[in-house]
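Chemist: Sending over a structure as structure tokens; questions will come in a sec.
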Amino acid sequence: MPKPNLFDPHEYRELTFEDQALLHRGYHKAIEALRRNITPMGFSACSLADNSVSGTDVNYRSVWARDGAKTVIWTLDLDDEDIRACQAQTLRTILGHQAPAGQLPAHVLIDTDEPEYGGVGGITAIDGALWILIAVWRYSTHTGDYSILDEHADVIHRAIQWLGSLDSNNCGLLEIPEAGDWTDLYARSYHVLYDEVLWHRCLICYSQILGRQGNTEQQADYAKWAEHVGSTILKKFWPSTAVDHTGVGPSFAEVQYKLGDSRYLVAQISPFGYSWRCDVYGNLLAYLTNLVSDERAKLTFQFLWGIGVNEPGPVKNTYPPIHAGDPEWRDYFTVNLLNLPNHYHNGGIWPFIGGLWVRYINKLGHRELARRELVKLAQLCSHGSNFEWEFNEWHHGVTGRPMGKAFQAWSAASFIKACHALHLDPESMEHQE
């Protein structure tokens with residue numbers, strides 16, 4: 000059931016009656032869309048009844064680790080027995096299919112209960128395990144039900160060890176294979192901002208898990224590890240002309256991109272180069288998980304607002320898109336015509352990131368602007384290829400028209416979370432993604 004007075008007209012007085020009505024309708028439509036994704040195995044990525052699949056699309060008939068975990072986290076505020084049960088089952092489905100080395104599946108096929116550990120080209124999906132470990136802790140602390148955490152303590156321990164082994168040179172950051180996360184048809188690799196931000200949050204959550212288990216010594220170790228990872232991210236991903244007084248010489252990568260002062264965390268770095276593009280999603284997560292300061296977040300917001308990252312709808316996942324001939328272009332971007340410029344991961348508009356954008360603005364203290372952006376997100380989600388309020392997977396970055404699957408679970412969940420967040424005092428919010 001929705002929270003009482005979620006859209007109190009007095010609090011939303013800067014919006015028209017029509018806009019308030021749109022938000023109210025959108026909230027209930029988002030819950031309806033979410034319900035379409037309830038299956039006996041957990042949340043599906045998109046409604047099984049409303050999307051035809053063929054070829055590689057068959058993997059949409061799955062419980063996905065990353066999709067499911069985010070849907071769990073962003074719907075915890077809902078007081079609904081069926082949704083709560085599906086949250087728990089989503090986590091159990093993924094945790095129940097661990098590989099011998101500790102890896103968690105990218106997704107589990109609903110029709111066969113078979114786990115798959117790789118995505119396109121068989122490349123492993125790193126971020127699924129990160130999201131699941133975060134989600135288990137968030138679910139447990141929010142509901143007070145620690146049964147999943149306790150039942151799968153060994154699974155969680157082996158998963159964190161598997162993730163830690165991806166730090167192959169002991170620098171603190173994970174080494175990510177190309178197309179090894181949610182951007183499974185996109186050319187980012189080695190140290191990827193989005194994955195490192197999640198790794199930082201994952202270590203904090205696991206430290207707290209250890210504390211609950213009474214393992215205070217290892218809790219302190221993981222807390223220290225998280226602190227090191229956080230400082231490493233800020234040092235490596237935020238170019239600055241400030242003098243480094245640590246006495247440690249710059250790395251080859253640092254020399255390459257230390258040409259000025261950044262206004263955002265860059266998308267990717269490696270020993271041989273870097274991507275100066277702005278990973279909008281990664282930057283929003285970095286602030287919502289308390290990794291970057293208000294001061295830096297304001298600089299990033301000013302940049303994103305200036306480039307119109309929220310036009311024609313909130314919000315594009317990366318800026319600027321990669322065009323053929325660019326050094327970052329890959330021929331495989333044309334697979335299924337997905338990652339053409341302004342499409343999909345290459346500058347497409349993702350409503351679930353739009354929900355983070357609304358919360359980001361609200362956390363900065365711009366509550367009226369956040370509400371106007373929530374209205375804009377509701378307008379985007381109200382469109383569809385066949386029906387109204389489809390909460391599509393993604394939209395074209397220029398036209399704003401829906402391009403992805405209908406009734407996508409994480410699109411609906413992120414809208415629900417944004418609605419809840421804007422009803423609260425931003426100073427009292429705890430952002431743990």
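When we follow numbering that gives the first Met the number 0, the leftmost residue of the sequence shown carries the number 0, and every step to the right adds one.
Every residue, glycine too, gets a C-beta built ideally from N, C-alpha and C.
Per DSSP, E115 forms a beta bridge with which residues?
Modeler: Counting from one through the sequence shown, the residue named residue 115 turns up at place 116. DSSP output for E115 lists H106 as bridge partner(s).
Chemist: On a CA-only basis, which of I109, E150, V191 and G312 is nearest P350? Give me that one, please.
Modeler: Looking up residue 350 in the sequence shown gives position 351. Taking only the C-alpha atoms, the option nearest P350 is G312.
Chemist: Could you name the residues of the same chain whose beta carbon sits closer than 6 Å to that of Q102, not counting the 5 residues immediately before and after it, in chain order?
Modeler: Counting from one through the sequence shown, the residue named residue 102 turns up at place 103. Only Y116 and W161 meet the Cβ criterion.
Chemist: In chain order, what residues of the same chain lie with their CB nearer than 7 Å to the CB of A98, ignoring the 5 residues before and after it?
Modeler: Indexing the sequence shown from 1 puts residue 98 at position 99. Result list for A98: Y116, in chain order.
Chemist: Could you name each continuous alpha helix (DSSP H) segment of 4 residues or more that falls completely within the segment 274-345, going from the start of the chain to the end?
Modeler: You should have 279-287 and 293-306.
Chemist: Identify whether W63 lies in helix, strand or coil by the three-state DSSP scheme.
Modeler: Numbered from 1 along the sequence shown, position 64 holds the residue referred to as residue 63. Reduced to three states, the DSSP call for W63 is strand.
Chemist: Over the uninterrupted alpha helix (DSSP H) stretch that includes S269, give me the two end residues.
Modeler: Within the sequence shown, numbered from 1, the residue matching residue 269 stands at position 270. Premise fails: S269 lies in the beta strand (DSSP E), V265 to S269, not in any alpha helix (DSSP H).
Chemist: Can you grab the Cα-Cα spacing for the pair S413 / V279, in whole Å?
Modeler: In the sequence shown, residue 413 corresponds to position 414, counting from 1. In the sequence shown, residue 279 corresponds to position 280, counting from 1. Each residue's alpha carbon lies about 16 Å from the other.
Chemist: Considering only their Cβ atoms, is the gap separating A105 from A439 smaller than 7 Å?
Modeler: This structure leaves residue 439 out entirely; the chain is present only between 0 and 432.
Chemist: Compare the C-alpha of I122 against each of I175, I159, N50 and D76 and name the closest.
Modeler: As a first step, residue 122 is located in the sequence shown; it is residue number 123 there, counting from the start. Measuring from the Cα of I122, the nearest candidate turns out to be I175.
Chemist: So which of L336, C204, P340 and N309 has the shortest CA-CA distance to G324?
Modeler: As a position in the sequence shown, residue 324 is number 325, starting the count at 1. Among L336, C204, P340 and N309, the Cα nearest to that of G324 belongs to P340.
Chemist: If we require 4 or more residues per run, which alpha helix (DSSP H) segments fall completely within the segment 140-221?
Modeler: Here the runs fully enclosed are 146-150, 152-163 and 192-211.
Chemist: Whose CA, out of A417, N391 and T288, lies closest to the CA of N50?
Modeler: As a first step, residue 50 must be located in the sequence shown, where it is residue number 51. Comparing Cα-Cα distances from N50 to each of A417, N391 and T288, the minimum goes to N391.
Chemist: Under DSSP, the alpha helix (DSSP H) around N391 begins and ends at which residues?
Modeler: Position 392 of the sequence shown, counting from 1, holds the residue named residue 391. Counting along the chain, N391 falls outside any alpha helix (DSSP H), and DSSP gives it neither H nor E.
Chemist: Taking the alpha carbon of G346 as the point to measure from, which residue in E177, D110 and T398 has its own alpha carbon closest?
Modeler: Locating residue 346 in the sequence shown gives position 347, where the first residue counts as 1. The option with the nearest alpha carbon to G346 is T398.
Chemist: When the Cβ atoms of the segment 230-237 are set against those of the segment 149-159, are three or more pairs found closer than 8 Å?
Modeler: No contact exists between the segment 230-237 and the segment 149-159.
Chemist: Which of the three DSSP states is assigned to Q97 in this structure?
Modeler: Reading the sequence shown from its first residue, position 98 is the one you call residue 97. Coil.
Chemist: Rounding to the nearest angstrom, what Cα-Cα distance links I155 and L132 in this structure?
Modeler: Stepping through the sequence shown from its first residue, residue 155 is reached at position 156. Stepping through the sequence shown from its first residue, residue 132 is reached at position 133. Computed Cα separation, rounded: 7 Å.
Chemist: Please identify the residue among D149, A29, A20 and R276 whose C-alpha is closest to the C-alpha of G213.
Modeler: Position 214 of the sequence shown, counted from the start, is the residue given in the question as residue 213. Taking only the C-alpha atoms, the option nearest G213 is D149.
Chemist: How long is the line joining the alpha carbons of L33 and A44, rounded to whole angstroms?
Modeler: In the sequence shown, the residue the question calls residue 33 occupies position 34. In the sequence shown, the residue the question calls residue 44 occupies position 45. Each residue's alpha carbon lies about 10 Å from the other.
Chemist: Return the Cβ separation of L298 and R329 in integer angstroms, given the expectation that the two are a contact with Cβ distance under 8 Å.
Modeler: Your numbering for residue 298 matches position 299 in the sequence shown. Your numbering for residue 329 matches position 330 in the sequence shown. In fact, because the Cβ distance is near 30 Å, the residues do not count as touching under 8 Å.
Chemist: Contact check, V191 vs Q88 under 8 Å by CB: the rounded distance?
Modeler: For the purposes of this step, residue 191 is taken as residue 192 along the sequence shown, with counting starting at 1. For the purposes of this step, residue 88 is taken as residue 89 along the sequence shown, with counting starting at 1. 30 Å between Cβ atoms; not a contact.
Chemist: What is the DSSP secondary structure of F42, counted as helix, strand or coil?
Modeler: Here residue 42 corresponds to residue number 43 of the sequence shown, with the count starting at 1. DSSP places F42 in strand when its eight states are reduced to three.
Chemist: Report all residues from its chain with a CB closer than 6 Å to the CB of D180; omit the five preceding and five following residues, and keep chain order.
Modeler: Within the sequence shown, residue 180 is the residue found at index 181, counting from 1. Excluding positions up to five away in sequence, the list reads I125, D126 and D194.
Chemist: If I follow the unbroken alpha helix (DSSP H) through I30, where does it start and stop?
Modeler: Within the sequence shown, numbered from 1, the residue matching residue 30 stands at position 31. Segment F16 to R34, the alpha helix (DSSP H) holding I30.
Chemist: Once the 5 residues before and after S410 are set aside, which same chain residues still bring their CB inside 6 Å of it?
Modeler: In the sequence shown, the residue the question calls residue 410 occupies position 411. Result list for S410: P350, F351 and F390, in chain order.
Chemist: Using a threshold of 7 Å, state whether the C-beta atoms of R60 and D110 are closer than that.
Modeler: The residue given as residue 60 occupies position 61 in the sequence shown. The residue given as residue 110 occupies position 111 in the sequence shown. Yes, Cβ-Cβ distance for R60 and D110 is below 7 Å.
Chemist: Label F251 either buried or exposed according to how many other C-beta atoms from any shown protein chain fall within 10 Å of its C-beta, with 16 as the threshold for buried.
Modeler: On the sequence shown, residue 251 is found 252 positions in, with the first residue counted as 1. Residue placement at F251 is flagged as unreliable, the pLDDT there being 48, under the threshold of 50; the coordinate-derived value follows with that caveat. By the 10 Å Cβ count, F251 comes out exposed.
Chemist: Nearest by alpha-carbon distance to A128: which of Q86, D66 and M402 is it?
Modeler: The residue labelled residue 128 in the question sits at position 129 within the sequence shown. Per the Cα distances, D66.
Chemist: Which stretch, first to last residue, makes up the alpha helix (DSSP H) that contains R12?
Modeler: Taking the sequence shown and counting its residues from 1, the one referred to as residue 12 is at position 13. Run containing R12: none; DSSP gives neither H nor E here.
Chemist: With a 10 Å radius around its C-beta and 16 neighbouring C-beta atoms as the bar for buried, classify E372 as buried or exposed.
Modeler: Taking the sequence shown and counting its residues from 1, the one referred to as residue 372 is at position 373. When all chains shown are included, E372 counts as buried.
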